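Asks:
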Amino acid sequence: MTKWSGVLPAVTTKFTEDDKLDIAEMERCFKLQLDAGVHGLIVCGSLGEASTLEPDEKIEILKTAIRVADGKVPVLLTVAQGSTKAASKLAEAGAKAGAEGFMVLPGVPYKSDQRETALHYRTVARAGGLPVMIYNNPVGYGVDIPPTMLAELGDEPLFTAIKESSDDVRRISEIKSLCGDRFAVLTGVDNLALESLALGADGWVAGLVVAYPRETVVIYELAKAGRMEEAIAIYRWFRPLLDLDVSNRLVQNIKLVEALVIGSNDRCRAPRLPLAGAERARVEAIVKAAEAKRPALPKL
């Protein structure tokens, strides 16, 4: 059974000045992730501006990531559609395009109950026929998949992982205690990542990794090697940047960090606009402070 682990970047979607997909820039940025040693790529998630993308654009982005990955790491397509029907159709298309699996959201913005949520996930998984990472983000989407419900979903072999973004690090232990090793558990909250890894999380679906890929990978590898003192030192340096992921402006925040650190751009798809004024100055100051004290990374 497929189980994903390690650092899986939730990559951003790049746009040209005339609001088309910037395939060349995505290829460059995805390659930077691979060169840093990430363990997979997740495209078209919340950070990837999924809600603004057409289905055919999502498939084009998926194919771009698969081409860059070249079989070295798995590429997952995020399925975040408003209806179960549309989500199933996207999963079918993603499977045909070569995705290794899917990260699936509830049918947002509707806030489904547990019965509706379970049926949505089962239907989408069977439509795609590939392994699924269940994305649990009750803070962002108002739909919770508690450990007891996750255990009930364990009878579906296509469910292989959960991205746990409840903002409650205790969930890591609860899932492990109730479900054992049935699911890979990946943290989805950047500024709870090391805490989650210390409690046994198998991986990190990361955001700021798109600008600081090597630092993110090194924190994960140090934590898994039991070298926590070294991991904590880098994580504490990283923390002000990681906080930028936990915001309703996470897309604009992180794209600006990418522009400043890796020479990308911070273009977004409307209605999102790049940060301006005091908001922009605040992020620029955080990046400037971080760059001034960017740590030397230990050998692994």
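In this text, residue positions in the sequence shown follow UniProt numbering: the first is 1, and each later residue adds one.
C-beta: ideal position from N, C-alpha, C; glycine also.
Since the model is a prediction, treat every value here as computed from it, not as a measurement.
#1: In terms of residue numbering, what span does the alpha helix (DSSP H) encompassing Tyr220 cover?
#2: Helix, strand or coil for Ile254 per DSSP?
#3: Which same chain residues, not among the five before or five after Ser112, have their C-beta less than 7 angstroms away from its C-beta?
#4: Mind checking who Met133 pairs with in its DSSP beta bridge?
#5: Identify, in the order they occur along the chain, each residue of the same chain with its Cβ nearer than 8 angstroms to the Cβ of Met1, setting aside the five sequence neighbours on each side.
#6: Look at the alpha carbon of Asp155 and the alpha carbon of Ile145, and state the distance between them as a whole number of angstroms.
#7: Check whether the Cβ atoms of Lys293 and Trp237 sit closer than 9 angstroms, and answer yes or no.
#8: Hey, Cys44 and Leu53: beta-carbon distance below 9 angstroms or not?
#9: Just confirm the distance between the C-beta atoms of Val11 and Gly48, as a whole number of angstroms; I'd bet it's less than 8 angstroms.
#10: Could you check what DSSP says for Trp237 in three-state terms: helix, strand or coil?
#11: Could you pull out every residue in the same chain whose Cβ sits closer than 6 angstroms to the Cβ of Arg182, ignoring the five residues on either side in sequence?
#12: Just to confirm the assignment, what range does the alpha helix (DSSP H) spanning Ile23 have?
#13: Rounded to whole angstroms, how far is the Cβ of Leu37 from the Cβ of Val217, which I believe are closer than 8 angstroms?
#14: Might you give, ordered along the chain, the residues of its own chain that have their beta carbon closer than 6 angstroms to the beta carbon of Arg267, omitting 5 neighbours on each side?
#15: From Tyr110 to Phe102, what distance separates their C-alpha atoms?
#16: Is it buried or exposed for Pro213, if we count other Cβ within 10 angstroms and need 16 for buried?
#17: Using only the alpha-carbon positions, how far apart do Lys247 and Arg282 sit?
#18: Checking 9 angstroms against the spacing of the C-beta atoms, do Ile219 and Leu186 come in under that value?
#19: Quick one, which of Lys224, Glu57, Leu199 and Ser166 has its alpha-carbon nearest Val79's?
#20: Can you tell which of Pro295, Ser46 and Thr123 has its C-alpha closest to the C-alpha of Glu230?
#21: State the DSSP-derived secondary structure class of Pro295, mapped to helix, strand or coil.
#22: In the structure shown, what three-state DSSP assignment does Leu62 receive?
#23: Can you have a look at Pro9 and say buried or exposed, based on whether 16 or more other CB atoms are within 10 angstroms of its CB?
#24: Would you check if the distance between the CB atom of Leu150 and the CB atom of Glu215 is smaller than 9 angstroms?
#25: Mapping the DSSP letters down to three states, classify Leu8 as helix, strand or coil.
Replies: On the basis of the data shown:
#1: From DSSP, the alpha helix (DSSP H) with Tyr220 extends over Pro213 to Lys224.
#2: If DSSP states are grouped into helix, strand and coil, Ile254 belongs with the helices.
#3: Here the set comprises Pro106, His120 and Val143.
#4: By DSSP's assignment, Met133 forms a beta bridge with Met103 and Ala161.
#5: With a pLDDT of 48 at Met1, under the threshold of 50, the predicted position of this residue should be treated as unreliable, though the coordinate-derived value follows. The residues are Pro131, Pro157 and Thr160.
#6: C-alpha separation (whole angstroms): 15 angstroms.
#7: Yes, Cβ-Cβ distance for Lys293 and Trp237 is below 9 angstroms.
#8: Less than 9 angstroms separates the beta-carbon of Cys44 from that of Leu53.
#9: About 6 angstroms separates the two Cβ atoms, so the contact holds.
#10: The three-state secondary structure of Trp237, taken from DSSP, is helix.
#11: The residues Gly154, in chain order, have a CB closer than 6 angstroms to that of Arg182 in the same chain once the five nearest residues on each side in sequence are set aside.
#12: Counting along the chain, the unbroken alpha helix (DSSP H) around Ile23 starts and ends at Ile23 to Asp35.
#13: For the record, residue 37 in the displayed sequence is Gly; it is not Leu. About 5 angstroms separates the Cβ atoms of Gly37 and Val217, confirming a contact at the 8 angstroms cut-off.
#14: Cβ within range, chain order: Phe15.
#15: In a straight line, the C-alpha of Tyr110 is about 20 angstroms away from that of Phe102.
#16: Here Pro213 is buried, its C-beta having at least 16 other C-beta atoms within 10 Å.
#17: The displayed chain sequence assigns Ser, not Lys, to residue 247. Distance between the alpha carbons of Ser247 and Arg282: 14 angstroms.
#18: No, the pair does not count as a contact, with Cβ atoms beyond the cut-off.
#19: Of the candidates Lys224, Glu57, Leu199 and Ser166, the residue whose Cα lies closest to the Cα of Val79 is Glu57.
#20: That would be Pro295, whose Cα lies nearest to the Cα of Glu230.
#21: Annotated three-state conformation of Pro295 is coil, per DSSP.
#22: Three-state DSSP puts Leu62 in a helix.
#23: Residue burial annotation: Pro9 is buried, with at least 16 other C-beta atoms found within 10 angstroms of its C-beta.
#24: Cβ atoms of Leu150 and Glu215: not closer than 9 angstroms.
#25: In this structure, Leu8 counts as strand in the three-state DSSP scheme.
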